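Below is one structure, written out as structure tokens; comments come after it.
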Amino acid sequence: MQRRDFINAGSAMLGAIALGMSATANADNEIKESNNPGLSGSSKMDNRFSVEKDDAVFIFADLHPGLVSTCNTISPESLTANVGGLAKCAKVVSAPSYFLTVTQNGKPGELVPSLREYADTHNTIFRKIADPFQVSEITDAIKRSGRKTLIVAGYTAEVAVLLTTLGGIQAGYNVFIPVDCIGSRSSRTEDAALRQAEQAGGVITSLSTLAAQFAPDFSQEPGKTILSVIASIKA
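Residue numbers for the sequence shown, in mature numbering (1 follows the signal peptide of the UniProt record, and there is no 0): -27 to -1, 1 to 208.
In structure tokens:
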């Protein structure tokens, strides 16, 4: 009887020690993960930074010649060329694109030349409200796509791009911003907008990084077209 009690007591003690060691290990892991977020939820983290072409919607916001011509953070010519390349990527992978416009000279603004071949009356949406996610025609169109990833290009970074990003994140979308497809009059305010977007959960990336994920096999279509877009990106 005494021996059984001794064994039971020993088992209980071993169990307590094991629990203590497990708790210590968990605490150590939590500390490591807090110091290095890359160690935490690796699959979730990987998913956050990857783009599936079949889940993507492309948003081109306020890319009008009159606005883009005032860009100082990237040349207007480069911005125009790069957003055209992004639109070509969307078309070649059969992803939906929406072109958001605002008033220019008292009427809906015209798109920069590189986007015109991809836009039509069905995917071009005029708005009078700064935040696209306050416009039901836009939010309904995105929702109908059934997709959960937004790729946002536009001008300016502080208004069209940032407000689309914040609204998209709040609505439950994953948002990617290719920095060579956006612009601003000021590098200071563009940087501030990108920091705010990233802190809110947006992913700051580049056209080439996104394009390579859309079709990683460059030996055949649509990869060949994607590769030509990457080769034509302007700094």
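Virtual Cβ for every residue (Gly too), placed ideally from N, Cα, C. Only a predicted model underlies this, so the values are computations on that prediction, with no experimental measurement involved.
Three-state secondary structure (DSSP) of residue i
i                 : result
asparagine 78     : coil
valine 152        : helix
threonine 97      : strand
residue 209       : Only positions -27 to 208 of the chain appear in the structure, and residue 209 is not among them; the question remains open.
asparagine 55     : helix
arginine 89       : helix
alanine 118       : With the sequence shown as reference, residue 118 is identified as serine, and alanine is not the correct amino acid for it. Helix, per DSSP.
asparagine 20     : helix
phenylalanine 191 : coil
Environment of residue i [buried if 16+ CB atoms lie within 10 Å]
i                : result
glycine 145      : exposed
threonine 94     : exposed
phenylalanine 22 : exposed
serine 192       : exposed
glutamate 163    : buried
alanine 208      : exposed
lysine 197       : exposed
leucine 153      : First, the amino acid is wrong: residue 153 is aspartate here, not leucine. Under this definition aspartate 153 is a buried residue.
Beta strand (DSSP E) segment containing residue i, residue limits
i              : result
isoleucine 177 : 176 to 178
glycine 127    : 122 to 128
Same chain, Cβ closer than 8 Å to residue i, five either side skipped, listed in chain order
i            : result
serine 160   : Asn45, Thr46
valine 108   : Ile98, Arg100, Ile102
alanine 173  : Thr138, Leu139, Ile142
serine 205   : Ala54, Gly58
aspartate 35 : Leu73, Thr74, Val75, Gly82, Gly127, Tyr128, Thr129, Val132, Ala133
N- and C-terminal bounds of the alpha helix (DSSP H) containing residue i
i              : result
isoleucine 203 : 196 to 205
alanine 144    : Note, alanine 144: premise wrong, no alpha helix (DSSP H); not H, not E.
valine 30      : Looking at the DSSP string, valine 30 is not in any alpha helix (DSSP H); the run it does join, the beta strand (DSSP E), is 29 to 34.
valine 108     : Counting along the chain, valine 108 falls outside any alpha helix (DSSP H), and DSSP gives it neither H nor E.
arginine 161   : 160 to 173
Beta-carbon contacts of residue i that lie in its chain and below 6 Å, excluding the five residues immediately before and after
i              : result
isoleucine 111 : Ile98, Pro105
Nonlocal neighbours in the same chain, by C-beta distance under 7 Å from residue i, ignoring five residues either side
i            : result
threonine 43 : Arg158
tyrosine 91  : Ala60, Lys64, Ser70
Exercise. Are the stretch 184 to 204 and the stretch 61 to 74 in contact at 8 Å, needing three or more beta carbon pairs?
Worked result: yes
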